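As they're listed, the protein sequences go chains A and B. 1 is the number of the first residue of the first sequence in our numbering; add one for each residue after it. 340 is the number of the first residue of the second sequence in our numbering; add one for each residue after it. Glycine included, every Cβ here is placed at the ideal spot set by N, Cα and C. Predicted, not measured: the structure shown is a model, and the values here were computed from it. Reading through the C-alpha cells given below for one structure.
2 protein chains.
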Amino acid sequence: MVEMRRPTMTDVAREVGVTAKTVSRVLNDDGPVAVETRERVMAAVRKLGYQPNLMARNMRVGARDAAIGLVIPEMGNPFFGTVAGGIESAVRARGLTLIVGSSSETPELEQSLIAAFLARRVSALMIVPSAASDHRHLRSERVAGLPIVFLDRPAVGLTADSVVSANRAGARSGVAHLISYGHRRIGFVGDVPAALYTRRERFQGYRDALEAAGLPFDRTLVDTGHDADAAAQATLRLLALPAPPTALFAGNNLAAMGAVVALAKSGRKEVALVGFDDLPLAEVLDPPLTVVAQDPEAIGVAAAERVLLRLDGDRSRARGTLVPTRLIVRGSGEQPPRG
Amino acid sequence: MVEMRRPTMTDVAREVGVTAKTVSRVLNDDGPVAVETRERVMAAVRKLGYQPNLMARNMRVGARDAAIGLVIPEMGNPFFGTVAGGIESAVRARGLTLIVGSSSETPELEQSLIAAFLARRVSALMIVPSAASDHRHLRSERVAGLPIVFLDRPAVGLTADSVVSANRAGARSGVAHLISYGHRRIGFVGDVPAALYTRRERFQGYRDALEAAGLPFDRTLVDTGHDADAAAQATLRLLALPAPPTALFAGNNLAAMGAVVALAKSGRKEVALVGFDDLPLAEVLDPPLTVVAQDPEAIGVAAAERVLLRLDGDRSRARGTLVPTRLIVRGSGEQPPRG
DNA sequence: TTGTATGCGTTATCAG
DNA sequence: CTGATAACGCATACAA
Numbered sequence: 001m002v003e004m005r006r007p008t009m010t011d012v013a014r015e016v017g018v019t020a021k022t023v024s025r026v027l028n029d030d031g032p033v034a035v036e037t038r039e040r041v042m043a044a045v046r047k048l049g050y051q052p053n054l055m056a057r058n059m060r061v062g063a064r065d066a067a068i069g070l071v072i073p074e075m076g077n078p079f080f081g082t083v084a085g086g087i088e089s090a091v092r093a094r095g096l097t098l099i100v101g102s103s104s105e106t107p108e109l110e111q112s113l114i115a116a117f118l119a120r121r122v123s124a125l126m127i128v129p130s131a132a133s134d135h136r137h138l139r140s141e142r143v144a145g146l147p148i149v150f151l152d153r154p155a156v157g158l159t160a161d162s163v164v165s166a167n168r169a170g171a172r173s174g175v176a177h178l179i180s181y182g183h184r185r186i187g188f189v190g191d192v193p194a195a196l197y198t199r200r201e202r203f204q205g206y207r208d209a210l211e212a213a214g215l216p217f218d219r220t221l222v223d224t225g226h227d228a229d230a231a232a233q234a235t236l237r238l239l240a241l242p243a244p245p246t247a248l249f250a251g252n253n254l255a256a257m258g259a260v261v262a263l264a265k266s267g268r269k270e271v272a273l274v275g276f277d278d279l280p281l282a283e284v285l286d287p288p289l290t291v292v293a294q295d296p297e298a299i300g301v302a303a304a305e306r307v308l309l310r311l312d313g314d315r316s317r318a319r320g321t322l323v324p325t326r327l328i329v330r331g332s333g334e335q336p337p338r339g
Numbered sequence: 340m341v342e343m344r345r346p347t348m349t350d351v352a353r354e355v356g357v358t359a360k361t362v363s364r365v366l367n368d369d370g371p372v373a374v375e376t377r378e379r380v381m382a383a384v385r386k387l388g389y390q391p392n393l394m395a396r397n398m399r400v401g402a403r404d405a406a407i408g409l410v411i412p413e414m415g416n417p418f419f420g421t422v423a424g425g426i427e428s429a430v431r432a433r434g435l436t437l438i439v440g441s442s443s444e445t446p447e448l449e450q451s452l453i454a455a456f457l458a459r460r461v462s463a464l465m466i467v468p469s470a471a472s473d474h475r476h477l478r479s480e481r482v483a484g485l486p487i488v489f490l491d492r493p494a495v496g497l498t499a500d501s502v503v504s505a506n507r508a509g510a511r512s513g514v515a516h517l518i519s520y521g522h523r524r525i526g527f528v529g530d531v532p533a534a535l536y537t538r539r540e541r542f543q544g545y546r547d548a549l550e551a552a553g554l555p556f557d558r559t560l561v562d563t564g565h566d567a568d569a570a571a572q573a574t575l576r577l578l579a580l581p582a583p584p585t586a587l588f589a590g591n592n593l594a595a596m597g598a599v600v601a602l603a604k605s606g607r608k609e610v611a612l613v614g615f616d617d618l619p620l621a622e623v624l625d626p627p628l629t630v631v632a633q634d635p636e637a638i639g640v641a642a643a644e645r646v647l648l649r650l651d652g653d654r655s656r657a658r659g660t661l662v663p664t665r666l667i668v669r670g671s672g673e674q675p676p677r678g
C-alpha cells in the first residue's frame, strides 16, 4: 500500500485553481472570498480529506501551541485524574487541549516531561511536583511570561501560582472532630517521605488540633507507610502499643484504606477513624468512613482559571489558592473512646 | 516586564559566531563538528536558555509529532486512568508522549478531539469510542498508514486494531460461579444504554452461563441504571419482585457499587453478588466483594505494543486483542441461596 | 476579490 | 569541518 503524502493547502489550491492564500482565507474566515470560490474550496477540502497542519500554522503566527502541559505523579490515581478532568472541562471552551505526562514521582522524569512540553511550545504548564524536585530551572520561563501553576503542592525554589487543598486546616478539623468525641490518644498514620508537602501540612494540622485542645503530643502515636499495605502494618503497630490510641487520623487515602483494612481484619472496629481524602464506597464500609474530603475537580478548575487569567495578560504577582476541604460525617469518626 | 522573545537556533549561532546549521549539527549529533565548536555551542545554549522548537523541527523533517492522541470518555474514572498509565509506561522508552482528551461519552466531542489530534499530526491514535459514535471518517487516515487502536470497545464502521477485555467470557465465568453455588434465580444489573458494546457482551455472557446450566432466562430479572444511584434503585426493584433473585451479577463497577449500597442499606446482605470490574476496598466490604476483575493496565500496554508494531511498519491486517479477566473470590459470590 | 513576495525556526543539500 | 541556500506548510503585508 502506498504511503500517501498528506494533502497540503497548496494541493487544495491547485485542485480548485486558486492560490494557497485563497484557501487560507476560506478556512480562517479571513479576507473576502467569492461565494462560489468558497464553495469550490470547501468541496476540494472534503474531496482530498485535507487537514490543516497546526504545527505550521502556529509557527507562522508565532503563537504557542494551543495546549496545556500537565505533569502528574501517576495516571491511575483517581485524585489526579479528577484534577485533570476539572482542568480540561474548564479550558475546553478556549480550544485548549491537555497534554499529560506522569512523572512516577521522580524529579528526573518530571524535568524531562517539562522539557518536552517546552519544546512543544505549550501555552501553559501545570505541575504536580514530585517529592524531591526543584523548580529553579523554570525561572526563565516565568520571566518570559509562560503561565505556570503548581497543583496539590507548591513549587520549590520558584515563586509561582499554586492551587492546593487547605491541608492544615482540614487535618486540624478532622482531628478536632475526634477530640470532640472524647478522644485523647489519637494516632496519626501518614505517608512517606515525611518531607512531602502534604504530609507535613496535614501533620501540622494534627498537632494544631492537639495543641488547641491542650492535649500532649506523643510521638509514639505517629507511624507511616508508603502504600495501603504499609499503612495497614503501621496501624497494627499503633494498636499494639502498651497504651494504644483510641482513635486514628489517616493522612491520605492510601493510609485510610490501610487503616480500614487493618481495623477490619483485626476486629478492632471500635477504634475511631477519620481519613484525609474521600474514598469511593466509604459510606458502605462498616462503620461508614468519616473523612476530610478534598475537592480535586475544584482544584483543577481553580488552576485552569488562574492559567486563563495569565493567558489573558494578568501579570500580577503569584498567588497561592487554598481549596477548602469538607468534613463528611459518616460514622467511623463518631465512635467514643473504648478500652 | 519585557515579554522576551525566545532564543532561536540563529540566536545561539550568532552568539557563537557560526551558522544555524552548525548549531543544529551539534544538537542532533549530525555531521562532524570540531570539539571546540561543539563546546562553545553548548555553552551558548546554556547561556541563552535555548529550547529547540519541536514544531519547526517536525515541520521541516516532515515527521509526525512524537505524540499519541488518546481519547477517553472521562478522566476521573480510574479504569481509564490506569489504561492511560499502561500506555504511557509502554511508549515512554520510545520518546512518545501522550495527549489526552475526554469525550464525555459524546460523539461530537470525540470527533473534535480526533480532529485536533490529526491537526497536530500525532503519530498514532488510541480511542475509547463513546457509545453512539461512528468511525467511517477515519478510513482515509487508516489507508494513509496512521496507526489507530480502539480500546475497551471496538470501532464502528471501520476495520481497525482493538484491545478489549474478554467481556463475554468473563461475565459467563462470574455467573457460572454463582450457579455453582446453587443459585437458579440470578439478577443482572447493567448500565445504559443497553446498546453499549461492553453491556451487550457481558449480558451475552450472563445468558451463556444460564444456558450452559440449563437455566431459563427470565427478563424480569434484568434491570439497569446509568450510575451507582440508579443501579441501587434497580437492585431494590429486583429485590422487591414477587419471586426475587437469590443472587445478582453487576455488569460494571458503578452497578456493583450501587448493588453493594442497596444490599447494605436494605439489610439484604445474604443476597449473593458478583461484580464485573474490581473496586478498591472490595476486600473490606461486608461481605467482601467477589468480582470478575479486568486488567486496565494490561489493556493499555497491549494497545501500546500494537501501536509500536504499526509504527515499525507492520502492515498486517487489523487484529482484535482480548485481554483476559480474572475471577477474584472474596465472599459475596459464595453465599448460598436463601429465602 | 485574488495573487505575490516574504518569513516563522529548523534541517537537507551541496559547496567550500 | 563549516557555510549558503532552499524548503517544510502556512499566514502577513501589500499589490493588483
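For chain A, is any of its Cβ atoms less than 8 Å away from the one on residue i?
| i | result |
| --- | --- |
| threonine 421 of chain B | yes |
| methionine 340 of chain B | Its pLDDT being 40, under 50, methionine 340 of chain B is placed unreliably in this model, and the coordinates cannot settle the point. |
| methionine 394 of chain B | yes |
| valine 380 of chain B | no |
| arginine 312 of chain B | The structure shown does not extend to residue 312 of chain B, since chain B spans only 340 to 678, so no value can be given for it. |
| leucine 618 of chain B | yes |
| alanine 483 of chain B | yes |
| leucine 647 of chain B | no |
| threonine 660 of chain B | no |
| arginine 433 of chain B | no |
| glycine 424 of chain B | yes |
Would you mind reading off the limits of the beta strand (DSSP E) that contains residue i?
| i | result |
| --- | --- |
| aspartate 161 of chain A | 161 to 165 |
| alanine 579 of chain B | No beta strand (DSSP E) holds alanine 579 of chain B; DSSP gives it neither H nor E. |
| threonine 629 of chain B | 629 to 632 |
| phenylalanine 489 of chain B | 487 to 490 |
| glycine 182 of chain A | Glycine 182 of chain A -> no beta strand (DSSP E), and no H or E assigned at all. |
| leucine 158 of chain A | Leucine 158 of chain A -> no beta strand (DSSP E), and no H or E assigned at all. |
| arginine 326 of chain A | 326 to 328 |
Excluding the 5 residues flanking residue i on each side, which residues of the same chain have their C-beta closer than 7 Å to its C-beta?
| i | result |
| --- | --- |
| glycine 424 of chain B | Glu636 and Gly639 |
| valine 100 of chain A | Leu70, Ile72 and Ala84 |
Closer than 8 Å by C-beta to residue i: which residues in its own chain qualify, once you throw out the five before and the five after it? Chain order, please.
| i | result |
| --- | --- |
| glycine 31 of chain A | Arg25 |
| alanine 533 of chain B | Arg539, Phe542 and Thr563 |
| glycine 388 of chain B | Pro346 |
| alanine 243 of chain A | Arg185 |
Count the other CB atoms, across all protein chains shown, that sit within 10 Å of the CB of residue i; report buried if there are 16 or more and exposed otherwise.
| i | result |
| --- | --- |
| arginine 345 of chain B | buried |
| threonine 19 of chain A | exposed |
| aspartate 566 of chain B | exposed |
| aspartate 312 of chain A | exposed |
| methionine 1 of chain A | With a pLDDT of 39 at methionine 1 of chain A, under the threshold of 50, the predicted position of this residue should be treated as unreliable, and no value is reported. |
| proline 245 of chain A | buried |
| asparagine 28 of chain A | exposed |
| aspartate 653 of chain B | exposed |
Counting only C-beta atoms, is residue i closer than 8 Å to chain B at any point?
| i | result |
| --- | --- |
| arginine 330 of chain A | no |
| glutamate 88 of chain A | yes |
| threonine 106 of chain A | no |
| asparagine 167 of chain A | no |
| asparagine 58 of chain A | yes |
| methionine 75 of chain A | yes |
| aspartate 65 of chain A | yes |
By Cβ distance, which residues of its chain are closer than 6 Å to residue i, with the 5 residues on each side in sequence left out?
| i | result |
| --- | --- |
| serine 501 of chain B | Phe489, Pro493 and Gly659 |
| histidine 135 of chain A | Ala155, Val156, Gly157 and Leu158 |
I believe residue i touches residue j by the beta-carbon criterion, under 8 Å. Please report the beta-carbon distance rounded to the nearest angstrom.
| i | j | result |
| --- | --- | --- |
| alanine 589 of chain B | glycine 553 of chain B | With a Cβ gap of about 24 Å, alanine 589 of chain B and glycine 553 of chain B do not count as contacting. |
| valine 355 of chain B | valine 380 of chain B | 5 Å |
| alanine 212 of chain A | alanine 232 of chain A | At roughly 30 Å, the Cβ-Cβ gap does not stay under 8 Å, so alanine 212 of chain A and alanine 232 of chain A are not in contact. |
| alanine 586 of chain B | valine 528 of chain B | That pair is no contact at about 11 Å. |
For residue i, report the span of its alpha helix (DSSP H) as first-last.
| i | result |
| --- | --- |
| phenylalanine 456 of chain B | 446 to 458 |
| glycine 597 of chain B | 592 to 604 |
| serine 24 of chain A | 20 to 28 |
| aspartate 350 of chain B | 348 to 355 |
| serine 140 of chain A | 139 to 143 |
For the ligand NAD, I want to know if residue i counts as a neighbour, meaning its beta carbon is within less than 7 Å of at least one of the ligand's heavy atoms.
| i | result |
| --- | --- |
| asparagine 77 of chain A | With respect to the ligand NAD, the structure offers nothing, as it holds no ligand at all. |
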